[in-house]
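Chemist:
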Amino acid sequence: MRVGHLPHLVCPRCKGTLSLFSRQDEPSDEIQTGILQCTACKKEYPIIDHIPRFVPLSNYSNSFGFEWLTHAKTQYDSYTHTNISGERFFQETQWERDLRGQMLLEAGSGSGRFTEIAASTGATVVSFDMSTAVGANYASNGTRPNVLIIQADLFHLPLRENYFDKVFCIGVLQHTPDVEDAFFTLTGYVKPKGKLCIDIYRKYKGILHLFQTRYLIRPLVAGMSPEHLYQLCKKYINAMWQIASIIHKIPRIGSRINWILLIPDYRDRFPLSEEILREWAILDIFDILSPVYDSPQYRETVEKWFLRANLVDIQVKYGYNGIEGRGEKQERVFERSGGLGEEETPRSEFESESSA
Ligand SMILES: C[S@@+](CC[C@H](N)C(=O)[O-])C[C@H]1O[C@@H](n2cnc3c(N)ncnc32)[C@H](O)[C@@H]1O
Numbered sequence: 002m003r004v005g006h007l008p009h010l011v012c013p014r015c016k017g018t019l020s021l022f023s024r025q026d027e028p029s030d031e032i033q034t035g036i037l038q039c040t041a042c043k044k045e046y047p048i049i050d051h052i053p054r055f056v057p058l059s060n061y062s063n064s065f066g067f068e069w070l071t072h073a074k075t076q077y078d079s080y081t082h083t084n085i086s087g088e089r090f091f092q093e094t095q096w097e098r099d100l101r102g103q104m105l106l107e108a109g110s111g112s113g114r115f116t117e118i119a120a121s122t123g124a125t126v127v128s129f130d131m132s133t134a135v136g137a138n139y140a141s142n143g144t145r146p147n148v149l150i151i152q153a154d155l156f157h158l159p160l161r162e163n164y165f166d167k168v169f170c171i172g173v174l175q176h177t178p179d180v181e182d183a184f185f186t187l188t189g190y191v192k193p194k195g196k197l198c199i200d201i202y203r204k205y206k207g208i209l210h211l212f213q214t215r216y217l218i219r220p221l222v223a224g225m226s227p228e229h230l231y232q233l234c235k236k237y238i239n240a241m242w243q244i245a246s247i248i249h250k251i252p253r254i255g256s257r258i259n260w261i262l263l264i265p266d267y268r269d270r271f272p273l274s275e276e277i278l279r280e281w282a283i284l285d286i287f288d289i290l291s292p293v294y295d296s297p298q299y300r301e302t303v304e305k306w307f308l309r310a311n312l313v314d315i316q317v318k319y320g321y322n323g324i325e326g327r328g329e330k331q332e333r334v335f336e337r338s339g340g341l342g343e344e345e346t347p348r349s350e351f352e353s354e355s356s357a
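Start counting the sequence shown at 2; every next residue gets the next number (my numbering).
(1) With a threshold of 7 Å, establish whether the CB of Q92 neighbours any heavy atom of ligand 1.
(2) Would the beta-carbon of Q76 be found less than 7 Å away from any heavy atom of ligand 1?
(3) Please indicate yes or no: does the CB of T177 lie closer than 7 Å to some heavy atom of ligand 1?
(4) Does the Cβ of M131 lie closer than 7 Å to at least one heavy atom of ligand 1?
(5) Taking contact to mean at least 3 C-beta pairs separated by less than 8 Å, is the stretch 218-238 in contact with the stretch 194-204?
(6) If you run the structure through DSSP and keep just helix, strand and coil, what is F169?
(7) Between E107, T177 and A134, which has its C-alpha nearest N147's C-alpha?
(8) At a cut-off of 7 Å, is V173 close to ligand 3 when judged by its beta-carbon and the heavy atoms of the ligand?
(9) Could you name the residues of the same chain whose beta carbon sits closer than 6 Å to that of K255, not counting the 5 residues immediately before and after it, in chain order?
(10) Taking Cβ positions, are S23 and T40 nearer each other than 8 Å?
(11) My output table needs one value for A1: the three-state DSSP class, helix, strand or coil.
(12) Going by beta carbon distance, what residues of the same chain come within less than 8 Å of G340, once the five residues before and after it are set aside?
(13) Nearest-angstrom Cα distance between L290 and T214?
(14) So the beta strand (DSSP E) G195 belongs to, where does it begin and stop?
(15) Which residues mark the beginning and the end of the alpha helix (DSSP H) in which C234 is found?
(16) For ligand 1, any of its heavy atoms closer than 7 Å to the Cβ of G323?
(17) Terminal residues of the continuous beta strand (DSSP E) containing L105?
(18) Tell me where the alpha helix (DSSP H) around F65 begins and ends.
(19) Using 7 Å as the cut-off, classify the Cβ of G111 as near or not near the heavy atoms of ligand 1, replying yes or no.
(20) Please determine, among I264, K204, L217 and E276, the residue with the shortest C-alpha to C-alpha distance to E301.
(21) Quick check on this structure: which residue in I85, V303, L217 and L160 has the alpha carbon closest to the alpha carbon of L370?
(22) Quick test of the definition: if touching needs 3 or more C-beta pairs under 8 Å, does the stretch 68-80 touch the stretch 107-127?
(23) Starting from P220, trace the alpha helix (DSSP H) in both directions and tell me its first and last residue.
Dropping the structure here:
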């Protein structure tokens, strides 16, 4: 981290200011190894490999750490030479491409493919993830002067509330232990008149739920180590790949059959080479089967959260990764009240959510 980025951080416990207590590297603007200390409660937080760490290195997100360190570049536009992540970011957020002078918060960065895009707007981007995936993000984006990467838990952030012009959270909420709480926690970091953009897996009702094979298979692989599960996923995709390309040719339903067979099939969706399509499939099937938490939601429920958070200009719709939601924070502080939304009748179309 850069010394100049220190004012963006506070103690996650008491929100006191942090100071650089000690460092074990050569003095420069970039701190590789050191200790941050809260000036109020004196709690200490290590900086390891350039990244301030506010959670134990090992936590419930371990599988994600393994996933993103193994596939550190797979979904980067700069690696695939496409605009897949860029298009998704700007379509979901609807934000301008030039955000110089603004503060952005990225919740749950994974390998950092969206950090790359957010940083390209010229904004200062504070990006956090609970897992060791932050190491992958740092390797790709950490030396950019407008990026601060931290390892932290969404529920206990070392950040000031009402601080960020824009907050985005892509592909993350469903993987937290309390999705609703995670949503409301994030809204707290948006400053008045600032914007929030989230997406979340969609929950299906009735028979469509049965087509989500992932939820049938998950109990069978729960408890496996990430390394073991990953090898299993890799073998499965490699064994099925040729068959999947034949199934894919079945008019209209080929791709869907592949998804039901747990073979992430992006052939018609993205202009990727055969080699990268397979790489994405391996990454994705692991991403689908490995998380400790996976709580999809109904669109109506998400809409109610946006309303209860007193956001305005709300748009909640089916989108890229299930449900997308955007809103702007009012001056008034929100109050949490009311119950969860009811179930809704799903669209007839079945779609699969994934890490892509
Ligand atoms: C499916 S990945 C999405 C990564 C990235 N946003 C993307 O779309 O490529 C979900 C990420 O959320 C992170 N995550 C889960 N719970 C978290 C929490 N409580 N605090 C911070 N990050 C969390 C995981 O570590 C993981 O990297």
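Glycine included, each C-beta is placed from N, C-alpha and C at the ideal position.
Modeler: The short version:
(1) Sequence index remark: in the sequence shown, residue 92 carries index 91 (1-based). Not under cutoff, so the answer is no.
(2) Here residue 76 refers to the residue found at position 75 of the sequence shown. The answer is yes for Q76.
(3) Taking the sequence shown and counting its residues from 1, one reaches residue 177 at position 176. Under cutoff, so the answer is yes.
(4) For this step, residue 131 is matched to residue 130 along the sequence shown. It does: the Cβ of M131 is within 7 Å (strictly closer) of some heavy atom of ligand 1.
(5) no
(6) Reading the sequence shown from its first residue, position 168 is the one you call residue 169. Strand at F169.
(7) Translated into positions along the sequence shown, residue 147 becomes position 146. Of the candidates E107, T177 and A134, the one whose C-alpha sits nearest the C-alpha of N147 is E107.
(8) In the structure shown, ligand 3 is absent; the only ligands present are ligand 1.
(9) The residue labelled residue 255 in the question sits at position 254 within the sequence shown. The residue asked about is misnamed: residue 255 is Gly in this sequence, not Lys. So the list reads I248 and H249, once near-sequence residues are dropped.
(10) Taking the first residue of the sequence shown as 1, we reach residue 23 at position 22. Taking the first residue of the sequence shown as 1, we reach residue 40 at position 39. No, they are not a contact pair.
(11) Given that the chain is displayed from residue 2 to residue 357, the structure contains no residue 1 and the question cannot be resolved.
(12) Within the sequence shown, numbered from 1, the residue matching residue 340 stands at position 339. Interpretation of G340 is limited by its pLDDT of 42, a score under 50 that renders its predicted location unreliable; no figure is taken from the coordinates.
(13) Sequence index remark: in the sequence shown, residue 290 carries index 289 (1-based). Sequence index remark: in the sequence shown, residue 214 carries index 213 (1-based). Taking the straight line joining both Cα atoms gives about 10 Å.
(14) Within the sequence shown, the letter at position 194 stands for residue 195. Note, G195: beta strand (DSSP E), V191 to I201.
(15) Sequence index remark: in the sequence shown, residue 234 carries index 233 (1-based). Run containing C234: P227 to I248, per the alpha helix (DSSP H) assignment.
(16) On the sequence shown, residue 323 is found 322 positions in, with the first residue counted as 1. No, the Cβ of G323 stays beyond 7 Å of every heavy atom of ligand 1.
(17) Numbered from its first residue, the sequence shown carries residue 105 at position 104. That run of the beta strand (DSSP E) goes M104 to A108.
(18) As a first step, residue 65 is located in the sequence shown; it is residue number 64 there, counting from the start. Looking at the DSSP string, the run of the alpha helix (DSSP H) that includes F65 is N63 to T71.
(19) The residue given as residue 111 occupies position 110 in the sequence shown. Yes, the beta carbon of G111 sits closer than 7 Å to at least one heavy atom of ligand 1.
(20) In the sequence shown, counting from the first residue as 1, residue 301 sits at position 300. Considering only alpha carbons, the answer is K204.
(21) Because the chain is modelled from 2 through 357, residue 370 falls outside the range shown and cannot be assessed.
(22) yes
(23) Locating residue 220 in the sequence shown gives position 219, where the first residue counts as 1. Looking at the DSSP string, the run of the alpha helix (DSSP H) that includes P220 is T214 to V222.
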